[in-house]
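From first to last, the protein sequence lines stand for chains V and X.
If you use our numbering, the first sequence corresponds to residues 1 to 182, in order.
If you use our numbering, the second sequence corresponds to residues 1 to 182, in order.
Below is one structure, written out as structure tokens; the observations come after it.
There are 2 protein chains.
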Amino acid sequence: MRADARRNYDKILSTARIVFTERGTDASLDEIARRAGVGPGTLYRHFPTREALVDALMQDWTDRVSADADAAIATDLPAREMLSDWFEHFIEHITLHRGAASKIAAAMDDPASPMYRKCQVMADANRRVIDHLEARGELRPSVDPVNVMRLVSGVATVADSSCTDLDVTPMLDVVVDGIVAD
Amino acid sequence: MRADARRNYDKILSTARIVFTERGTDASLDEIARRAGVGPGTLYRHFPTREALVDALMQDWTDRVSADADAAIATDLPAREMLSDWFEHFIEHITLHRGAASKIAAAMDDPASPMYRKCQVMADANRRVIDHLEARGELRPSVDPVNVMRLVSGVATVADSSCTDLDVTPMLDVVVDGIVAD
DNA sequence: CGACTATACGGAGACTGTCTCCGCTTTTGC
DNA sequence: GCAAAAGCGGAGACAGTCTCCGTATAGTCG
């Protein structure tokens, strides 16, 4: 990749991070291009679709989410606490940009989405937590990690799309109660 | 209201029902106007926003959802079965048009939304089911109906936005396990 | 029935956002 | 330096939203 291309790529990405935070993931792509000081053509060459751009921004998240999962496991807390911690961290990350949570929830079951791979990484992180607790015998029989992932993404989506600053804890409590052993 | 206005209003509504079913709730409003045989101005006079149009279509649903709740209560089934039935029916209704579930989830906590009232009716229906089971002592202590509603809407949103035809049952099972008494 | 008025219609067009195409510029390798 | 390759950017086609206002029509009253 040519040096100027690399520069523009990075500039677009850092601008997108700002604009998506300000206006959510539905912000105008032309505006991002303008504020990054490049033409729309340049933006679309680097990121053919909005999803591709969101996907590129997600790289940071997936790393952090993965780390959070391992950190949660390392705490060695009881199942309830560990899950609550993990779920809350996960939601915090995927709602960083308004509208991102629903895109992630949709991409999770869509292998054609550019975000699919990243979703897999996050799903893996979740699986590690679930498997760990399963091994400790603290979960109900036949808890499906993928399913849990979908459910928690749903909670994130609701919280994200609500105009009020919704507390996710009560919803997560229900989910946690639904998967830990009695 | 003038007779021709009434005619157009109804025509727009029935056309919207078709187009929203075909293309989801993001379909072009001008297309709905065109297919209804009216000018865009006429559509926007009757329904100033997309939400207002979706809201008008929702009238049928709220009635049916309300009836479903009462029907579920009348079955007198055990808590798990009753809740599963009710949740599945509810989701079936609010995912009638692609994109509707997320709009409803968002409107649920937004008194400014034109759909807010309808959401209240559905939330009331849910509250009746929960309260009934609570009275029978089959639920965990302090189950919040509003919270349950949000959670189930989240499940609906995930199912609706997934490109695959996702089965909601496993997710609902977790929710049900999370609210019924051990 | 004909005239009058309030009501409603509809479509042109302003505006915004998406996305492409292609003539021009910059970088890179030699 | 020079040529080729790589990349730029902005004009503009296209689609959707929404408004404004000249025109048409339903309802009303003498």
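Glycine is no exception: its CB is placed at the ideal position from the N, C-alpha and C atoms.
Tell me whether the stretch 155-175 of chain V and the stretch 5-19 of chain X touch, counting them as touching only if at least three CB pairs, one residue from each stretch, are closer than 8 Å. no
Chain V residues whose Cβ lies nearer than 8 Å to that of X/Ile130: None at all; the shortest Cβ gap to chain V is about 12 Å.
Near X/Arg84, what residues of its chain come up, given a Cβ to Cβ distance below 8 Å and the 5 sequence neighbours on each side ignored? Note on residue identity: the sequence assigns Ser, not Arg, to residue 84 of chain X. Hits under 8 Å: Thr169, Leu172, Asp173 and Val176.
Cβ of V/Asp110 less than 8 Å from any chain X Cβ? yes
Does the distance from the CB of X/Asn215 to the CB of X/Met108 come in under 8 Å? There is no way to answer for residue 215 of chain X, as the model of chain X reaches only from 1 to 182.
On the DSSP letters alone, give me the boundaries of the alpha helix (DSSP H) that X/Arg17 sits inside. Ala3 to Arg23
Hey, could you find the ends of the alpha helix (DSSP H) V/Gly154 is sitting in? Pro145 to Ser161
Start-to-end residues for the alpha helix (DSSP H) that takes in V/Glu138: Element bounds for V/Glu138: n/a, residue is neither H nor E.
Report, in whole angstroms, the separation of the C-beta atoms of X/Trp86 and X/Ala69, which I expect to be a contact under 8 Å. 6 Å
The alpha helix (DSSP H) spanning V/Ile109 covers which residue range? The sequence shown places Asp at residue 109 of chain V, rather than the Ile named in the question. In the DSSP assignment, V/Asp109 falls outside any alpha helix (DSSP H), carrying neither H nor E.
What residues are listed by DSSP as bridge partners for X/Val180? X/Leu139
Can you list, in chain order, the residues of its chain with a C-beta nearer than 6 Å to that of X/Ala79? Leave out the 5 residues immediately preceding and following it. Leu133, Glu138 and Val180
For X/Asp124, does the three-state DSSP call read helix, strand or coil? The answer is helix: DSSP assigns X/Asp124 an H, G or I state.
With a threshold of 16 other CB atoms inside 10 Å of the CB of X/Ser28, please say whether the residue is buried or exposed. Burial call: exposed.
What runs of the alpha helix (DSSP H), each 4 residues or longer, lie entirely inside the stretch 14-83 of chain X? 29-36, 40-46 and 50-75
How should X/Met82 be labelled, buried or exposed, when 16 other C-beta atoms within 10 angstroms of its C-beta is the threshold for buried? Counting the other CB atoms within 10 Å of its CB gives X/Met82 a total of 16 or more, which places it among the buried residues.
Straight-line Cα distance separating V/Ala100 from V/Asp55: The alpha-carbon atoms of V/Asp55 and V/Ala100 are separated by roughly 10 Å.
Report all residues from its chain with a CB closer than 7 Å to the CB of V/Asp26; omit the five preceding and five following residues, and keep chain order. Contacts found: Gly99.
Any chain X beta carbon closer than 8 Å to V/Asn147: yes
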